[in-house]
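Contents: one structure, followed by commentary.
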Ligand SMILES: NC(=O)c1ccc[n+]([C@@H]2O[C@H](COP(=O)([O-])OP(=O)(O)OC[C@H]3O[C@@H](n4cnc5c(N)ncnc54)[C@H](OP(=O)(O)O)[C@@H]3O)[C@@H](O)[C@H]2O)c1
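Residue numbers (this note's numbering): 112 to 521.
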């Protein structure tokens with residue numbers, strides 16, 4: 112629903128946090144003049160400082176602690192769209208998402224916490240459908256490059272070859288820093304003991320589409336491998352998030368009669384530095400983190416020595432980062448086509464900030480071009496082409512490499 116009679120177009124909740132501060136600066140610089148927006152958080156003095164640092168004098172202030180559910184409901188009632196970077200979401204996110212679902216307020220976040228989103232789907236999807244709210248988690252580095260990259264290739268195959276897609280595989284290369292907030296969210300996941308949920312390849316699928324197609328080929332890879340099209344690969348630590356989001360997109364599109372393909376499978380990997388040898392180092396590193404974060408003393412050690420919530424990489428580190436995803440899609444008839452998604456800047460910060468802010472602006476300014484939809488959605492099933500175009504305007508690359516050798520933009 113449009114709700115243009117509400118006093119605010121957009122609320123940025125979490126504006127004092129590491130990513131939230133960058134979002135405030137992005138919106139101050141790139142939002143159209145006339146945007147009626149507010150920065151929100153739990154501490155007025157720090158909010159004032161964040162607003163000043165972002166150069167956003169036109170933004171109003173709202174002081175809200177997410178533990179105060181009445182205050183959260185009142186905030187959500189004021190806005191057309193809520194963008195929240197308050198995390199860990201499993202600790203602080205329920206009231207905000209639930210209020211948006213009930214009140215028909217559109218919502219974007221940057222969570223990567225799949226068990227929390229599963230719980231939110233179970234509790235609030237029907238209310239969001241009834242209220243008309245578009246609730247869109249995963250609007251950061253996880254999982255927009257994966258979700259829009261797959262959608263772009265499936266669309267290309269459908270348009271150019273008139274065929275469904277049997278499989279998409281993706282290889283990520285990424286360079287960037289680590290936020291204290293991200294570590295806190297990862298450790299909170301381990302503390303909550305949601306491992307069985309994390310391991311479910313179809314965790315986010317609607318109940319009537321579980322398991323999804325080809326369960327045996329959808330299991331998470333455990334060791335290094337060599338892909339005929341993508342070369343030496345290792346398991347990617349974000350794949351258990353991104354693959355679940357892509358599979359939910361496929362299931363939602365299928366319910367709309369637009370499925371990717373009857374046997375559609377998506378897998379993603381990391382392109383290890385150092386090729387096949389590096390792949391073993393990646394597996395060992397992931398195993399060490401997994402083992403350490405599984406023990407209370409290991410988590411205490413990580414919390415003590417790693418960045419704290421509110422902290423993150425330096426400006427220079429964030430500017431020097433970047434990511435690239437190489438994708439290969441196999442059509443039902445056996446032909447293959449390749450694609451690429453890439454952007455400069457630290458994935459967890461520069462890239463994530465651009466994606467979530469442009470997603471929020473997309474909900475406000477591109478409504479007429481978005482598919483009619485409500486409920487707990489995914490980036491591809493909510494935004495597709497309009498967000499892809501916005502991200503290209505922000506310097507992202509989305510390219511389909513036509514098999515003849517010519518490159519065609521999506
Ligand atoms: N998808 C991605 O690629 C991606 C990338 C980066 C981060 N993330 C996720 O995004 C989240 C934020 O990351 P970050 O690095 O910005 O973390 P952060 O710096 O720790 O920021 C967390 C924010 O939440 C606020 N907050 C915490 N408890 C609150 C409460 N009870 N009421 C109101 N506000 C509260 C904090 O307010 P105070 O300032 O008052 O403490 C702060 O503004 C994390 O969950 C992280 O995992 C995802």
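We put the CB at the ideal spot given by N, CA and C, even for glycine.
What you are looking at is a predicted structure, and each value in this text was computed from that prediction instead of being measured.
- For the 8 Å CB-CB criterion, residue 295 and residue 407 do not form a contact.
- For residue 196, no beta strand (DSSP E) run applies, since DSSP gives it neither H nor E.
- Ligand 1 has a heavy atom closer than 7 Å to the beta-carbon of residue 130.
- Taking the Cα positions, residue 162 is about 24 Å away from residue 115.
- Relative to ligand 1, even the nearest heavy atom lies 7 Å or more away from the CB of residue 233.
- Between the region 373 to 385 and the region 414 to 428 there are fewer than three inter-stretch CB-CB distances shorter than 8 Å, so the stretches are not counted as touching.
- If you look at residue 246, you'll find it in the beta strand (DSSP E) that goes 245 to 247.
- In this structure, residue 489 sits near residue 258, with a CB-CB distance shorter than 8 Å.
- Sequence-distant partners of residue 325 (beyond 5 residues in either direction) whose C-beta falls short of 8 Å from its own C-beta, in its chain, are 374, 375, 376.
- Closer than 7 Å to some heavy atom of ligand 1: that does not describe the Cβ of residue 457.
- In this structure, residue 424 has its beta carbon at no less than 7 Å from each heavy atom of ligand 1.
- Apart from the 5 residues on each side of it in sequence, residue 359 sits with its Cβ closer than 7 Å to the Cβ of 315, 316, 489 in its chain, given in chain order.
- In the three-state reduction of the DSSP assignment, residue 349 falls in the coil class, being assigned neither a helical nor a strand state.
- Residue 357 is positioned such that its CB atom lies no closer than 8 Å to that of residue 228.
- Between residue 133 and residue 464, the C-beta spacing is below 8 Å.
- By the Cβ criterion, the region 273 to 281 is in contact with the region 442 to 459, since at least three pairs of Cβ atoms, one from each stretch, lie closer than 8 Å.
- About 4 Å separates the CB atoms of residue 393 and residue 345; that is less than 8 Å, so the two are in contact.
- Burial state of residue 248 is buried, judged by a 10 Å Cβ sphere holding 16 or more other Cβ atoms.
- Apart from the 5 residues on each side of it in sequence, residue 422 sits with its Cβ closer than 6 Å to the Cβ of 291 in its chain, given in chain order.
- Here residue 334 is exposed. Its C-beta has fewer than 16 other C-beta atoms within 10 Å.
- For residue 141, the closest C-alpha among the options 502, 205, 204 is that of 502.
- Within 7 Å of the C-beta of residue 178 there is at least one heavy atom belonging to ligand 1.
- A residue is called buried once 16 or more other Cβ atoms fall within 10 Å of its Cβ, and residue 155, having fewer, is exposed.
- Per DSSP, residue 230 lies in no beta strand (DSSP E) segment; the continuous alpha helix (DSSP H) that holds it begins and ends at 225 to 242.
- Under the DSSP assignment, residue 340 falls outside any alpha helix (DSSP H); it carries neither an H nor an E label.
- Residue 291 sits in a helix when the DSSP states are folded into three classes.
- Using a Cβ-Cβ distance cut-off of 8 Å, the region 179 to 188 and the region 453 to 469 are not in contact, since fewer than three pairs of beta carbons, one from each stretch, lie closer than that value.
- If you draw a straight line from the Cα of residue 237 to the Cα of residue 481, it is about 20 Å long.
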